[in-house]
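Undergrad:
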Amino acid sequence: MGLRIAARQRARAALLPPQPTAKATDMNVQTQNPALSAVGVAHAHHYPAKMPVVGNARLYRIVVIGLLALAVLTPVGLIIYQSFLTGPFFSPRAAFGLDAYSYVFTDRNFYKALGTTTVSAFGMVAIAVPLGGLLSFLITRTDIRFKRLLEILVLVPMFISSIVLAFGYTVSVGPTGFLSLAMRDIIGIVPWNIYSLTGMIVIAGLSHVPHVYLYVSSAMRSLPSDLEEAARTSGASIWQVSRDVTLPMVLPSIVFAASLNVLLGFETFGIPLVLGDPNGIMVLTTYIYKLTTLFGTPTYQLMAVVAVVLLLITLPLVWMQRRLLRNARRYAALGGKGARVATLKLGRNGQLVALGIIGLWLFVSVVLPIGGITVRAFVDAWGEGVNLLDQLTLANFVRLTEVPSLVRGMINTVILSVVGGAVAVGIYLLVGLAGHRNHGLSNTVLDYIVLLPRALPGLVIGLAFFWVFLFVPFLTPLRPTLFSLFIAYVVVGLSYGLRLLQGTLIQVAPELEESARTTGATIGRTWRDIVIPIVRPGLAGAWALIMIIFLREYATGVYLMGAGTEVIGSLMVSLLTTGAMNTIAALALISIVLTGAGLALALRLGARIHD
Amino acid sequence: QDAALIEAAKKEGTVSVYTSTDSAQSQKLQDAFTKRYGIAIAYNDLGTNGAYNQVISEAAAGQVTADVVWSSAMDLQMTLVKDGYAQEYASPEAANIPAWANYKNILFGTTVEPIGVIYNTKALTEDRLPKTYADMITFLKNNKTELQGKVATFDPEKSGSGFLHHSNDARQRKDFWDLAKALGEDGAKIYSSSGGMKETVVSGENVMAINIIGSYALDWVKESPNLGVHFASDYTPAFSRLALVVNNAPNPNAAKLFVDFLLSQEGQSALAEGGLPAVRKDATGGLNIDTLNERVGGGLKPITVDEGLLDYMEPTKRVQFLNDWKAALGR
Amino acid sequence: MTELVVNNVQKWLGGLQILKGASFTAERGSIVALLGASGSGKTTLLRCVAGLEQPEIGRIVIGDRTVLDGERKIALPPEQRNIGLVFQSYALWPHRTVRENVGYGLKLRGVASAEIGSRVQAILERLGLGHLADRYPSQLSGGQQQRVAICRALVYEPRVLLLDEPLSNLDAKLREEARYWIRKLILDLEICAILVTHDQSEALAAADNILLLQDGRIVQQGTPQEIYSNPNSFYSADFLGANNIIKGRVQTLDGAKATIGGEGWSLPGVVRDAAGVSGNSDATAVIRVEQISVSDKAMEGGIEMDLDDSIYLGDRWEYRLHRGGLIAKANGALQIAPGKVWAWIPSDAVWVFPAQK
Amino acid sequence: MTELVVNNVQKWLGGLQILKGASFTAERGSIVALLGASGSGKTTLLRCVAGLEQPEIGRIVIGDRTVLDGERKIALPPEQRNIGLVFQSYALWPHRTVRENVGYGLKLRGVASAEIGSRVQAILERLGLGHLADRYPSQLSGGQQQRVAICRALVYEPRVLLLDEPLSNLDAKLREEARYWIRKLILDLEICAILVTHDQSEALAAADNILLLQDGRIVQQGTPQEIYSNPNSFYSADFLGANNIIKGRVQTLDGAKATIGGEGWSLPGVVRDAAGVSGNSDATAVIRVEQISVSDKAMEGGIEMDLDDSIYLGDRWEYRLHRGGLIAKANGALQIAPGKVWAWIPSDAVWVFPAQK
Ligand SMILES: Nc1ncnc2c1ncn2[C@@H]1O[C@H](COP(=O)(O)OP(=O)(O)OP(=O)(O)O)[C@@H](O)[C@H]1O
Ligand SMILES: Nc1ncnc2c1ncn2[C@@H]1O[C@H](COP(=O)(O)OP(=O)(O)OP(=O)(O)O)[C@@H](O)[C@H]1O
Ligand SMILES: [Mg+2]
Ligand SMILES: [Mg+2]
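Protein chains in written order, with my numbering: chain A, 2 to 612; chain B, 160 to 490; chain C, 2 to 358; chain D, 2 to 358.
Set out below in structure tokens:
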């Protein structure tokens with residue numbers, strides 16, 4: 002492994018200054034400079050040793066990346082350790098052994114779930130990435146109408162956890178959903194079935210479009226328009242420009258969004274649980290879920306094995322991503338020549354087509370699920386032969402206020418997402434800067450650990466964090482506080498937030514930083530005065546995103562929350578078991594409204610910084 | 160009531176409860192307890208697995224924070240007792256609950272919650288529903304076309320409650336496997352939570368759901384006009400939420416006082432009021448064991464709190480059961 | 002044949018009117034140089050022609066197509082105008098190699114890939130970039146990037162070529178070569194080119210026509226020689242050439258002839274812009290540096306002046322002269338020692354304009 | 002006093018050796034111009050001095066501090082070198098107004114904000130940007146941006162000023178003003194400046210010393226006059242000035258004197274680079290354009306030639322001459338009609354070099 006890393010570094014080195022290659026050595030030998038030939042002999046077969054890079058905040062980088070690695074690898078390591086035991090790691094009866102592996106790897110259901118998961122993950126990516134890229138392009142680079150509104154609407158599918166989302170779909174387009182019934186009245190049958198693998202893929206794909214949109218659009222926003230203008234004057238139409246210039250220029254964010262979505266596809270739980278489970282369509286996460294009760298008492302070692310499998314999936318993904326994005330400078334475009342940022346003109350027909358596409362997508366991925374949730378929140382009964390108007394009630398909301406833990410949950414969630422989200426973005430920024438224009442081993446480490454937490458199902462990572470806070474002595478006092486949830490959330494949100502920032506950081510042209518350095522700013526000052534302000538729109542975006550992620554997160558908190566530290570998402574999970582769907586719908590609707598308000602606020606802040 | 164215990168409990172000032180009962184259902188109980196003793200409840204709704212997991216993890220870490228575990232997973236509760244996580248407590252109220260609900264003064268049944276059937280009233284009418292367990296099997300067999308893909312039940316693989324319900328039936332009734340086969344023939348759909356099942360029946364996506372938690376269902380029908388609940392008159396099993404005091408509980412006195420209160424007439428009435436039928440006959444405000452028995456048609460068969468609960472905790476037996484279940488269902 | 006007509010183009014940016022009614026025409030097979038002070042709106046005008054900015058008012062015709070008409074609300078997008086544009090900022094696509102950057106226009110036009118390869122290679126060789134074809138823009142020097150930008154705009158032979166300071170980062174030799182070659186191409190292909198440049202010698206040498214832009218308006222237009230020797234305003238006179246700007250007072254005025262003078266000196270000259278020039282008013286005179294001959298020997302009709310210094314300029318020497326308030330520069334082939342000299346200033350080379358702030 | 006010492010700096014980029022041992026020194030209060038073909042490594046050398054690139058080999062001393070030493074592995078970061086750098090690409094910070102861009106260096110040095118305000122305003126006024134102080138870079142024209150970049154690097158009066166084609170986007174007038182003012186500032190502040198420029202007249206006029214860079218090596222160094230009139234290689238001779246490059250054959254060779262000729266013509270000249278020049282070998286001669294005088298009247302010692310055309314260059318006319326294979330350009334003040342003319346070419350202006358590919 003060590004060798005392979007070294008080789009990879011060397012391959013990568015060829016594109017980064019200063020780099021030893023055979024050619025350079027030849028020239029070195031040929032040079033006639035007398036001063037060199039003395040040195041030259043010694044160096045005859047060596048490239049001159051690299052100069053130390055000073056003033057590059059090395060210590061800072063190592064410390065920050067080290068701390069992050071600790072925060073990520075502790076729970077991950079615990080899971081890996083657990084997978085090699087025969088019982089819970091804390092149990093005196095647990096012994097080392099591969100029993101868990103042999104159980105999982107001989108289980109037919111595991112392979113079935115793995116296959117289904119793979120198909121659905123890649124299917125989801127195939128839908129989400131092109132659509133997300135297209136949406137970002139339309140919204141950031143063209144003069145499409147209703148931009149401000151669309152910017153928010155596009156993110157709405159992210160507002161809700163996948164469980165609630167899937168549930169929303171059943172209310173609108175399930176077998177007895179209001180839309181399905183209307184359709185059946187018109188054409189006699191319901192032409193779709195959401196309880197199928199295809200249904201799952203389409204719904205997951207459409208609802209993950211925002212995940213792509215966020216990354217790609219923030220990269221596109223900072224793309225100077227002269228690059229696109231150059232293509233247009235060369236004779237490229239808008240679509241050719243987007244295909245040939247805009248999209249390739251934001252390739253880093255597209256690649257990342259794609260790999261992140263593959264992982265999300267592997268990790269998604271709510272959609273398969275609600276849509277696949279009743280018909281026995283099982284994916285890895287529902288398989289893990291099954292393992293918690295299959296043997297009566299939870300079999301952590303089996304869950305851990307499946308989690309390890311998921312972890313292993315990230316490795317080739319990250320590797321591929323690194324290969325694709327080797328020459329980061331190629332994507333740095335925020336140049337020093339203050340290029341004017343202009344939008345592409347769509348024209349009348351273009352507007353119609355573009356708005357049509359967006360409208361259709363919005364209908365399917367916003368109106369349908371949220372409509373479903375909204376309807377459900379205001380009625381007690383629905384479906385076949387029920388007239389919804391007769392059922393209208395506010396009781397579901399009134400009930401919320403009567404239960405203190407629900408009220409507390411809402412407050413906690415808001416604190417955690419708004420304040421915690423902002424702090425988390427701060428942390429991601431510190432980490433992002435530590436990795437900024439850094440090409441050493443620490444950066445490789447960073448690339449790999451960023452995606453790791455996202456590969457693990459929230460339930461598992463939540464459990465791991467629960468153990469960490471329980472068994473690591475100086476952390477135990479923090480366990481019953483929101484802080485433990487916050488740390489877990491920070492790690493879970495890492496792959497979303499950090500990458501969003503890195504994607505923006507990469508686009509700051511090096512000259513802008515170099516000119517600050519030569520003006521007399523230390524690297525820290527440069528970050529503070531130049532880099533951070535330039536990426537500030539990205540920060541606001543990241544905050545919005547993290548806020549959304551924290552607001553709707555559910556699985557992570559299941560084990561970590563306790564009395565006084567309830568969060569909405571996890572409360573919904575426990576409500577699900579008692580069947581309080583009315584309450585869940587009302588809670589979900591409130592959290593959607595909260596998220597929308599928060600997002601509007603964030604965008605407003607971001608927008609003001611941007612103009 | 161032991162005044163010394165109350166005094167000591169008040170000094171502790173708080174009791175930490177790990178439970179699977181969502182706080183909406185137990186709010187009345189909590190309020191009553193706190194009002195009466197001025198002791199705060201740290202109410203941790205963790206789900207059945209969560210509660211179990213936290214208790215054993217905390218014990219291993221030497222960081223016990225749970226005082227009382229109050230969970231509907233009867234088998235997991237019994238496992239905790241067997242593995243020594245609970246302490247014996249001879250509650251003065253224990254005498255007032257049925258004998259089947261008291262396991263060696265360690266584990267106490269606090270509710271009696273019937274297992275039954277819910278159905279969509281637009282699709283089925285009360286009078287068409289089978290009266291007995293045996294009738295149900297026939298009913299499922301005779302209405303295959305109408306019921307195809309529209310019957311729901313718990314997935315014992317993913318739901319602890321589901322496993323408890325099904326395996327208890329299997330222990331109690333020889334014709335359980337006939338029922339399972341009939342379900343299989345109807346293409347029954349399996350769910351991991353009550354919520355999922357309820358919602359599909361409310362919407363008419365499923366016509367009925369079998370082996371559902373009846374106490375919840377009795378509440379649901381109050382809200383949802385198109386939902387009906389039904390119990391077999393000859394055989395209505397019922398499970399119970401079990402409470403235990405944790406070994407090395409940080410607030411042992413408050414814990415004991417809380418268990419006392421759970422079993423007291425006041426506590427039981429508060430539970431009944433919240434929709435969880437009381438195990439005591441003298442509880443008011445909602446269903447108690449007697450009124451419930453009437454409501455379900457007299458066939459109430461509470462699951463006894465004893466080592467029998469552990470039968471299926473043995474892996475081979477459990478796997479055997481699940482395999483049989485899947486075979487019967489044709490999966 | 003007229004290939005490009007720009008008529009009364011007006012453009013606002015950020016609340017300011019940047020173009021205030023620019024009009025000109027350009028012929029096939031000719032180069033029009035667009036000159037003007039920094040910030041006068043040259044880039045903006047080019048961008049309007051390219052379709053990258055939409056002027057609020059005006060009309061632009063390329064070939065026989067109206068590509069912009071403010072009144073009829075016509076505005077063709079850039080890609081339908083068949084133009085080539087070299088950006089002041091280069092705007093090379095950082096994710097593509099030099100070859101791909103240059104070949105893109107051809108690819109869009111459906112040229113076979115073998116032909117693309119050979120045409121791209123040929124044009125790169127032409128500008129000395131043949132060996133860099135596989136590099137990425139970030140691996141090139143500034144001048145190399147600029148040349149790539151030129152190749153990219155030229156390779157597909159657009160009808161109208163818009164060049165925004167295309168040679169500013171090239172050294173003299175390379176610049177001359179590139180200029181020569183661009184000129185040849187334009188004549189061969191019979192296309193028309195608008196060249197923005199800050200280098201007047203470039204404009205004078207390369208252009209068939211010069212437009213002088215001041216503050217968003219075209220203030221003078223003509224052949225290089227016309228513009229250089231017949232400026233109609235102080236701005237035009239001052240903008241081109243190496244000049245001596247002399248502030249003085251009108252001493253005598255007789256039709257177009259005037260004498261301007263100051264403390265201890267007076268010069269006969271011609272009035273070029275009569276508005277504001279009257280007897281005894283303040284005035285400004287412009288004298289091209291090359292119009293003054295200097296000798297260290299007494300010269301008939303010459304003015305006696307003090308030489309402060311001779312400065313070496315490579316191909317010539319520059320003399321710094323003064324006489325009272327009259328300060329002037331002149332050139333000559335020889336070094337002259339500081340001291341008394343005689344300067345000969347033809348009176349029709351002294352252009353008198355109204356006083357400038 | 003020597004302010005900057007650059008000694009044997011070698012730098013590799015992307016596997017290629019870009020700098021191959023560059024050495025030079027620069028004095029306080031002087032301007033050193035760095036000339037060289039596009040891609041010869043000028044920018045790279047500046048970046049090495051600035052500390053933005055770390056040369057693998059070499060030593061750089063600024064003032065009395067060694068800021069780089071390849072052997073002792075010393076390399077100070079840019080911010081500790083007290084330099085000012087004007088980037089070829091401007092590198093203005095898009096999120097800051099002009100005022101903030103320029104004032105940043107002062108802020109970093111802890112100057113009181115009132116003083117920052119006045120110093121920034123003063124320097125902006127100096128370069129005609131006073132009214133743009135509150136704009137963002139993207140609202141400026143190219144030339145305006147470039148001037149902001151110059152202000153930014155100068156305002157905090159660094160010890161060493163590195164200018165990478167700082168005037169390339171300015172028009173002649175503005176360029177001259179800026180140059181004059183930069184020069185004055187450098188003398189006043191006694192700092193030292195390295196000026197990269199592609200404009201040789203700028204280098205000749207503004208610099209005290211010129212370094213000629215070829216392919217990563219400094220091939221000639223000297224005062225402008227030395228470099229211009231005593232080039233030691235074909236590259237130097239050809240790079241500066243407007244030249245006639247004449248290919249011929251050595252007909253006679255006598256020490257430093259040689260006669261070069263071809264079909265129907267022969268010219269006496271001096272050998273400037275003996276390596277490779279021998280009797281009857283091919284050779285290349287360089288004649289500065291301004292060295293050839295042309296007259297339409299017969300001239301003693303003049304060569305009879307054909308004038309193909311006279312081209313107007315504003316301040317002068319360019320003549321295109323030929324005689325057999327001898328093709329030459331010359332300048333003069335008057336238009337001459339095509340036909341027979343006489344050209345006078347002093348023999349010490351005919352510089353003979355080995356044949357070039
Ligand atoms: N990252 C890189 N990889 C490979 N070659 C590079 C890289 N950066 C620069 N070069 C090459 O190094 C050489 C010197 O570049 P440099 O920018 O110093 O030239 P320059 O003298 O400033 O030219 P110009 O006048 O065109 O700005 C060029 O040939 C360029 O192609
Ligand atoms: N977005 C904007 N908002 C306000 N003013 C602008 C904007 N863009 C450009 N300007 C102003 O418009 C004027 C013309 O700009 P333009 O780029 O056309 O000048 P230019 O003639 O090309 O100058 P240069 O020779 O310096 O490149 C400038 O004064 C500039 O400051
Ligand atoms: Mg411009
Ligand atoms: Mg350069």
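Think of the CB as a built atom: it goes at the ideal place given N, C-alpha and C, for glycine as much as any other residue.
1) Comparing alpha-carbon positions, which option in D:S202, D:V121 and D:D172 lies nearest A34 of chain D?
2) Pick out the complete alpha helix (DSSP H) segments inside the stretch 231–284 of chain C, 4 residues or longer, and give them in chain order.
3) Within 7 Å: the Cβ of T45 of chain D and any heavy atom of ligand 1?
4) Helix, strand or coil for H209 of chain A? Go by DSSP, reduced to three states.
5) Please report whether the beta-carbon of L235 of chain B lies at a distance below 8 Å from any beta-carbon of chain A.
6) What in chain A is Cβ-close to R110 of chain D, meaning under 8 Å?
7) Residues of the stretch 24–53 of chain C in Cβ contact with chain D at a cutoff of 9 Å, in chain order, please.
8) Is the shortest distance between the beta-carbon of S142 of chain C and the beta-carbons of chain A less than 8 Å?
9) Is G265 of chain D near ligand 1, judged by its Cβ being under 7 Å from some heavy atom?
10) Can you say whether L69 of chain D is buried or exposed, counting buried as having 16 or more other CB atoms within 10 angstroms of its CB?
11) For D323 of chain C, which residues does DSSP report across the bridge?
12) State the DSSP-derived secondary structure class of Y91 of chain D, mapped to helix, strand or coil.
13) For E1 of chain C, which residues in chain A fall below 7 Å Cβ to Cβ?
14) Where does the unbroken alpha helix (DSSP H) through E28 of chain D begin, and where does it stop?
15) Would you say the beta carbon of S383 of chain C comes nearer than 7 Å to a heavy atom of ligand 4?
16) Judging by CA-CA distance, which residue of D:L130, D:G263, D:K341 and D:G104 is the nearest neighbour of G118 of chain D?
17) What runs of the beta strand (DSSP E), each 3 residues or longer, lie entirely inside the stretch 266–314 of chain B?
18) From this set, D:L322, D:Y313 and D:S311, which residue's C-alpha is nearest I304 of chain D's C-alpha?
19) Grab the span of the alpha helix (DSSP H) containing V6 of chain C for me, first residue to last.
20) Tell me the rounded alpha-carbon separation between L313 of chain A and V424 of chain A.
21) For N34 of chain A, which three-state DSSP category applies?
22) Excluding the 5 residues preceding and the 5 following T260 of chain D in the sequence, name in chain order all residues of the same chain whose CB lies nearer than 6 Å to its CB.
23) Within the same chain, show all residues whose beta-carbon is closer than 7 Å to that of E425 of chain B, passing over the 5 residues directly before and after it, in chain order.
24) Could you please give the first and the last residue of the uninterrupted alpha helix (DSSP H) stretch that includes T445 of chain A?
25) Hey, would you say V213 of chain A sits closer than 8 Å to G133 of chain A, going by beta carbons?
TA: So, from the data block:
1) As a working mapping, residue 34 of chain D is identified with position 33 in the fourth sequence. Checking every option, the nearest Cα to that of A34 of chain D belongs to D:S202.
2) 235–240
3) Numbered from 1 along the fourth sequence, position 44 holds the residue referred to as residue 45 of chain D. T45 of chain D Cβ: within cutoff of ligand 1.
4) Mapped onto the first sequence, residue 209 of chain A falls at position 208. If DSSP states are grouped into helix, strand and coil, H209 of chain A belongs with coil.
5) As a working note, residue 235 of chain B is residue 76 in the second sequence. It does; some Cβ of chain A falls within 8 Å.
6) For the purposes of this step, residue 110 of chain D is taken as the residue at position 109 of the fourth sequence. Result: G521.
7) L36, G37, A38, S39, G40, S41, G42, K43, T44 and T45
8) In the third sequence, residue 142 of chain C corresponds to position 141, counting from 1. No, S142 of chain C does not count as interfacial toward chain A.
9) Counting from 1 along the fourth sequence, the entry for residue 265 of chain D is found at position 264. False, no ligand heavy atom lies under 7 Å from that Cβ.
10) Taking the fourth sequence and counting its residues from 1, one reaches residue 69 of chain D at position 68. L69 of chain D is buried by the Cβ-count criterion.
11) If you number the third sequence from 1, residue 323 of chain C lands on position 322. Contrary to the premise, residue 323 of chain C reads as His rather than Asp in this sequence. In the DSSP output, where bridge partners are listed per residue, H323 of chain C has C:D307 and C:I328.
12) Against the fourth sequence, residue 91 of chain D aligns to sequence position 90. Of the three classes helix, strand and coil, the one that applies to Y91 of chain D here is strand, per DSSP.
13) Here chain C covers residues 2 to 358 and nothing more, so residue 1 of chain C does not appear.
14) Taking the first residue of the fourth sequence as position 1, residue 28 of chain D is located at position 27. It is not in any alpha helix (DSSP H) - E28 of chain D instead sits in the beta strand (DSSP E) that spans L17 to E28.
15) Any answer about residue 383 of chain C is impossible in this case: the structure gives chain C only from 2 up to 358.
16) Along the fourth sequence, read from residue 1 onward, the residue named residue 118 of chain D stands at position 117. When only C-alpha atoms are compared, the closest one is D:G104.
17) 266–268, 272–279 and 310–313
18) Residue mapping note: residue 304 of chain D aligns to position 303 of the fourth sequence, counting from 1. The candidate whose alpha carbon is nearest that of I304 of chain D is D:L322.
19) On the third sequence, residue 6 of chain C is found 5 positions in, with the first residue counted as 1. Element bounds for V6 of chain C: not the alpha helix (DSSP H) but the beta strand (DSSP E), T3 to L14.
20) Position 312 of the first sequence, counting from 1, holds the residue named residue 313 of chain A. Position 423 of the first sequence, counting from 1, holds the residue named residue 424 of chain A. Approximately 30 Å, taken between the alpha carbons.
21) On the first sequence, position 33 is the one that residue 34 of chain A refers to. Because the pLDDT at N34 of chain A is just 36, under 50, the model does not fix this residue reliably, and the value given afterwards should be weighed accordingly. N34 of chain A: coil per DSSP, three-state reduction.
22) Indexing the fourth sequence from 1 puts residue 260 of chain D at position 259. Excluding positions up to five away in sequence, the list reads Q252, T253, S267 and P269.
23) Position 266 of the second sequence, counting from 1, holds the residue named residue 425 of chain B. Within the same chain, E425 of chain B has close Cβ partners A191.
24) Stepping through the first sequence from its first residue, residue 445 of chain A is reached at position 444. Note, T445 of chain A: alpha helix (DSSP H), L442 to A456.
25) Sequence index remark: in the first sequence, residue 213 of chain A carries index 212 (1-based). Sequence index remark: in the first sequence, residue 133 of chain A carries index 132 (1-based). A contact, by the Cβ cut-off of 8 Å.
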